[in-house]
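A.B. asks: Next up is a structure, given as structure tokens.
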Amino acid sequence: MTFLTYLISGLALGSVYAIIALGYTMVYGIAKMLNFAHGDIIMAGGYAAFYAYTRFGMPAGLAILFSILTCTILGVIIERLAYKPLRQASSLSVLITAIGVSYFLQNSAQLMFGSDTKIFPSILTEGSFRFFDGKLIISYLTLITIFTCIVIMIGLTAFINKTKIGKAMRACAEDKGAAQLMGINIDTTISITFAIGSGLAAIAAVLLCSTYPSLSPTLGSMPGIKAFTAAVFGGIGSIPGALLGGILLGIIENMTKAYLSTQLSDAIVFSVLIIVLLIKPTGLLGKKENVKV
Amino acid sequence: MKKILDNLLHQKNRSRTISYAMIIGTYLIIEILMHSIRMSRLFTSMLVPCCCYIVLALSLNLVVGFSGELSLGHAGFMAVGAFTAIIVSGLCVQMIPDPIIRLFISIIAGSIVSGIAGLLVSVPVLKLSGDYLAIVTLAFGQIIKSLITNIYLGFDRNGMQFSFVNNELNLEQGRMLLSGPMGATDTAKISNFSSGVLLILATLFIIYSLIDSKYGRAIMAARDDRIAAESIGIDILRSKTLAFVTSAILAGAAGALYALNYSTLQPAKFDFNTSILALVYVVFGGLGNINGTIIAATALYVLPELLRSLQDYRMLIYAIVLIIVMQLGSSARLKRSLEQIRNRFARKGDVR
Numbered sequence: 002m003t004f005l006t007y008l009i010s011g012l013a014l015g016s017v018y019a020i021i022a023l024g025y026t027m028v029y030g031i032a033k034m035l036n037f038a039h040g041d042i043i044m045a046g047g048y049a050a051f052y053a054y055t056r057f058g059m060p061a062g063l064a065i066l067f068s069i070l071t072c073t074i075l076g077v078i079i080e081r082l083a084y085k086p087l088r089q090a091s092s093l094s095v096l097i098t099a100i101g102v103s104y105f106l107q108n109s110a111q112l113m114f115g116s117d118t119k120i121f122p123s124i125l126t127e128g129s130f131r132f133f134d135g136k137l138i139i140s141y142l143t144l145i146t147i148f149t150c151i152v153i154m155i156g157l158t159a160f161i162n163k164t165k166i167g168k169a170m171r172a173c174a175e176d177k178g179a180a181q182l183m184g185i186n187i188d189t190t191i192s193i194t195f196a197i198g199s200g201l202a203a204i205a206a207v208l209l210c211s212t213y214p215s216l217s218p219t220l221g222s223m224p225g226i227k228a229f230t231a232a233v234f235g236g237i238g239s240i241p242g243a244l245l246g247g248i249l250l251g252i253i254e255n256m257t258k259a260y261l262s263t264q265l266s267d268a269i270v271f272s273v274l275i276i277v278l279l280i281k282p283t284g285l286l287g288k289k290e291n292v293k294v
Numbered sequence: 143m144k145k146i147l148d149n150l151l152h153q154k155n156r157s158r159t160i161s162y163a164m165i166i167g168t169y170l171i172i173e174i175l176m177h178s179i180r181m182s183r184l185f186t187s188m189l190v191p192c193c194c195y196i197v198l199a200l201s202l203n204l205v206v207g208f209s210g211e212l213s214l215g216h217a218g219f220m221a222v223g224a225f226t227a228i229i230v231s232g233l234c235v236q237m238i239p240d241p242i243i244r245l246f247i248s249i250i251a252g253s254i255v256s257g258i259a260g261l262l263v264s265v266p267v268l269k270l271s272g273d274y275l276a277i278v279t280l281a282f283g284q285i286i287k288s289l290i291t292n293i294y295l296g297f298d299r300n301g302m303q304f305s306f307v308n309n310e311l312n313l314e315q316g317r318m319l320l321s322g323p324m325g326a327t328d329t330a331k332i333s334n335f336s337s338g339v340l341l342i343l344a345t346l347f348i349i350y351s352l353i354d355s356k357y358g359r360a361i362m363a364a365r366d367d368r369i370a371a372e373s374i375g376i377d378i379l380r381s382k383t384l385a386f387v388t389s390a391i392l393a394g395a396a397g398a399l400y401a402l403n404y405s406t407l408q409p410a411k412f413d414f415n416t417s418i419l420a421l422v423y424v425v426f427g428g429l430g431n432i433n434g435t436i437i438a439a440t441a442l443y444v445l446p447e448l449l450r451s452l453q454d455y456r457m458l459i460y461a462i463v464l465i466i467v468m469q470l471g472s473s474a475r476l477k478r479s480l481e482q483i484r485n486r487f488a489r490k491g492d493v494r
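If you read the protein sequences in the order shown, they are chains G and U. Counting with the numbering used here, you get residues 2 to 294 for the letters of the first sequence. Counting with the numbering used here, you get residues 143 to 494 for the letters of the second sequence.
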């Protein structure tokens with residue numbers, strides 16, 4: 002029964018990773034950049050929800066909406082100011098800029114909100130289901146997390162495959178030059194991608210902070226790196242890959258912590274990543290690109 | 143005399159001459175200043191770490207600039223070098239009382255172990271390419287850090303004792319060398335500025351000798367066009383391994399010097415942020431540009447320290463500088479005007 006408990010909590014953690022990984026993978030697929038500032042958007046989302054709920058006294062739903070809105074706007078502004086001028090630049094300059102943005106967000110948060118850890122209120126729900134005479138306890142939060150992830154996945158897949166903007170996004174991912182010739186506005190498409198990714202980061206932030214209720218300016222860095230790993234794990238650029246990678250990573254992490262070693266869980270998680278990449282060099286669901294002369 | 147001077151200033155050797163002159167000149171100026179006027183503690187405490195970061199950045203430039211592979215885990219090799227040096231130096235205190243020789247042996251040991259780590263890591267890493275290669279180096283950086291965080295090592299009259307994950311050492315009047323997440327405590331501080339400068343000079347010698355050799359040209363050919371290089375018989379994997387392992391050795395040496403400059407050192411120091419920091423130095427200095435890397439590493443290491451009076455705002459300013467320089471560096475107009483200036487001073491056959 003404990004196995005099942007660990008499995009379900011791993012699934013919940015994995016769902017959060019998957020939601021964050023979606024942001025990484027979409028931006029990578031379309032703008033071909035590793036957005037290292039994504040983790041700090043999560044942090045911004047956490048603070049936005051915290052202040053909306055505790056200081057402005059908004060109801061939970063509104064606070065979450067406020068957080069999503071803040072992150073979406075933040076994501077679009079960052080893209081416009083920092084990344085857009087670098088469209089033609091080398092990928093390393095973009096990477097360094099992303100790191101600069103990440104430092105900027107972390108330090109602005111530290112100046113604005115202080116570096117002390119804040120306790121995130123339980124704005125979602127408390128309480129839990131009990132099965133088998135209390136041997137298996139599943140909190141509502143866990144179920145909400147998994148359910149949210151499923152809804153997001155279905156919604157996003159439908160959006161990408163059915164709508165016009167989704168089609169434009171797929172075209173951009175395939176070949177930017179050709180997409181532009183077909184009359185697709187590349188800048189708008191990339192902005193929308195950033196908006197969606199950042200909005201998802203806000204949702205992940207609320208879920209993450211509800212599970213681990215401490216808020217600090219460096220809150221986003223570790224989940225950011227883990228989710229990035231998850232995105233690569235599943236094959237970066239692939240949306241189902243991000244889901245698969247995120248969930249597998251969450252389960253592996255929880256299982257290692259439960260049965261092997263807490264201290265070594267990071268080492269084991271990253272070793273699994275390396276082994277997977279050695280067997281499938283482009284991730285679990287990644288596309289293989291042939292190099293031509 | 144004139145012939146030697148001509149040879150030194152010849153296009154082919156110019157970059158090399160400037161590098162050595164810059165380092166030795168700066169060293170002499172600082173030494174004279176230190177002996178004539180009292181320098182602040184802040185200034186003198188920055189000297190050795192600055193040397194370490196220069197060596198780290200140079201070593202990373204070998205991988206990112208010359209070999210063309212993005213490494214996001216270089217701090218891991220620095221950590222291997224650092225903690226090897228701490229162990230070696232701690233074990234040799236009685237055997238080798240002279241601190242200079244002990245420092246030398248520790249740095250050599252640190253770089254050898256780090257080189258072995260680099261060789262082991264390079265086998266899986268170099269099977270991949272592009273961003274996947276980068277993420278695997280990131281993963282190895284994290285793995286190395288978390289392994290070192292779990293090592294407990296000490297020695298007493300009965301010899302060395304070692305335990306992993308949990309501290310199970312029972313020392314009889316012994317000393318702990320590594321104590322898990324606490325890292326090294328109570329290390330003898332034996333690094334000094336002169337040894338740092340010597341390490342930079344040695345690094346420069348190694349890197350210039352490598353890139354001017356047959357092997358160095360193979361490394362750059364593999365970077366510029368993998369398929370073309372392969373077709374003329376260059377062993378791509380061997381070239382890339384050579385660059386990667388040399389880089390790991392140098393990063394290990396940097397770590398060793400760094401570790402022996404502090405009495406306490408935690409493994410958490412060598413995390414993802416340190417790897418990124420080194421990458422920032424390399425990109426600022428210019429890929430494959432050795433003098434640029436030295437200047438960028440120095441400037442960017444000193445900048446946050448100089449901004450210390452601004453307290454909380456210093457890292458914010460650092461971040462803004464980072465973003466703005468990247469924007470300027472890739473703006474088309476600026477590039478054009480730079481091109482014009484460069485054309486004015488154009489030198490024939492100036493190959494980087």
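Just so it is clear, CB atoms sit at the ideal spot from N, CA and C, and this is done for glycine as well.
#1: Using a Cβ-Cβ cutoff of 8 Å, what residues of the region 439 to 461 of chain U are near chain G? List them in chain order.
#2: Along chain U, in chain order, which residues have C-beta atoms closer than 8 Å to that of G:S94?
#3: How about G:I31: is its C-beta nearer than 9 Å to some C-beta of chain U?
#4: List, in order along the chain, the chain U residues whose C-beta lies closer than 9 Å to that of G:S272?
#5: Would you mind sorting G:E127 into buried or exposed? The rule is 16 or more other CB atoms within 10 Å of its CB.
#6: Checking contacts by CB at 9 Å: is U:R494 closer than that to chain G?
#7: Which value, in whole angstroms, describes the spacing of the CA atoms of G:L274 and U:R299?
#8: Rounded to the nearest angstrom, what separates U:N403 and U:V190 at their Cα positions?
#9: Give the secondary structure of U:R158 by DSSP, where H, G and I count as helix, E and B as strand, and everything else as coil.
#10: If you run the structure through DSSP and keep just helix, strand and coil, what is U:Q469?
#11: Under three-state DSSP, which class holds U:L407?
#12: I need the straight-line Cα distance from G:L8 to G:L142, nearest angstrom please.
#13: Using a Cβ cut-off of 9 Å, pull out every chain G residue sitting near U:F246, in sequence order please.
#14: Looking at the structure shown, is U:L319 part of a helix, part of a strand, or coil, going by DSSP?
#15: Using the rule of at least 16 other Cβ atoms within 10 Å of the residue's Cβ for burial, across every protein chain shown, is G:Y213 buried or exposed?
#16: Just the Cα atoms here: how many angstroms apart are U:L497 and U:A371?
#17: What residues from the region 233 to 246 of chain G come within 8 Å of chain U, judged by C-beta to C-beta, listed N to C?
#18: Contact between the region 408 to 424 of chain U and the region 433 to 447 of chain U is defined here as three or more beta-carbon pairs at a separation below 8 Å; is this criterion met?
#19: Which chain G residues sit within Cβ distance under 7 Å of U:N403?
#20: Output yes if chain G places a C-beta closer than 9 Å to the C-beta of U:G491; else output no.
#21: If you drop the 5 nearest sequence neighbours on each side, which residues of the same chain put their C-beta closer than 8 Å to that of G:V277?
#22: Kindly list the residues whose CB is nearer than 6 Å to the CB of G:G251, restricted to its own chain and excluding five residues on each side of it in sequence; keep chain order.
#23: I need the boundaries of the alpha helix (DSSP H) containing U:L340, first residue and last residue.
#24: Relative to chain G, which residues along the region 256 to 277 of chain U have a C-beta separation below 7 Å, given in chain order?
#25: Excluding the 5 residues flanking G:T158 on each side, which residues of the same chain have their C-beta closer than 7 Å to its C-beta?
#26: Note down, in chain order, every chain G residue with its Cβ under 9 Å from the Cβ of U:F414.
#27: In this structure, what does DSSP give as the bridge partners for G:F133?
#28: For G:F160, I'd like the list of residues in its chain whose CB is within less than 7 Å of its CB, leaving aside the five on either flank, ordered along the chain.
#29: What residue from G:S123, G:A38, G:Y52 and G:F121 has the CA that sits closest to G:V102's CA?
#30: Relative to the alpha-carbon of U:M164, which residue among U:I196, U:F185 and U:K154 has its alpha-carbon at the smallest distance?
#31: Do the region 223 to 241 of chain U and the region 398 to 414 of chain U make contact, defined as three or more Cβ pairs closer than 8 Å?
#32: Assuming G:C295 and G:I187 make a contact with CB atoms under 8 Å, what is their CB distance in whole Å?
#33: Residues in the same chain with beta-carbon distance under 8 Å from U:V493, minus the five sequence neighbours each way, listed in chain order, please.
#34: Could you say which of G:A196, G:K165, G:A202 and G:A206 lies nearest to G:I185 if we only look at CA atoms?
#35: If you follow the alpha helix (DSSP H) that U:D298 is part of, which residue opens it and which one closes it?
#36: How would you label U:V235, buried or exposed, when you count the other beta carbons within 10 angstroms and need 16 or more for buried?
C.D. replies: Taking the coordinates as given:
#1: D454, Y455, M457, L458, Y460 and A461
#2: V425, M468, G471 and S472
#3: no
#4: A281 and I285
#5: exposed
#6: For U:R494, the pLDDT reaches just 44, beneath the cut-off of 50, and the residue's location in the model is therefore unreliable, although a value from the coordinates is still provided. Output row for U:R494: interface = no.
#7: 42 Å
#8: 7 Å
#9: helix
#10: helix
#11: strand
#12: 15 Å
#13: Ordered by position in chain G, no residue passes the 9 Å Cβ test against U:F246, which lies about 32 Å from the chain.
#14: strand
#15: exposed
#16: Any question about residue 497 of chain U goes unanswered here, given that chain U covers just 143 to 494.
#17: V233 and I237
#18: yes
#19: Under the 7 Å cutoff, chain G gives no residues; its nearest Cβ is about 25 Å from U:N403.
#20: Low confidence applies here, because U:G491 scores a pLDDT of 48, under 50, leaving its location unreliable; read the following figure in that light. No - not a single Cβ of chain G is within 9 Å of the one on U:G491.
#21: F234, G284 and L285
#22: G11, L14, G15 and Y18
#23: F335 to I353
#24: P266, K269, L270, D273, Y274 and I277
#25: I240
#26: S222 and I226
#27: G:F133 is not bridged to any residue.
#28: G167
#29: G:A38
#30: U:I196
#31: yes
#32: Any question about residue 295 of chain G goes unanswered here, given that chain G covers just 2 to 294.
#33: Any reading at U:V493 is ruled out, since the residue's pLDDT is 46, under 50, leaving its predicted position unreliable.
#34: G:K165
#35: Premise fails: U:D298 lies in the beta strand (DSSP E), I293 to D298, not in any alpha helix (DSSP H).
#36: exposed
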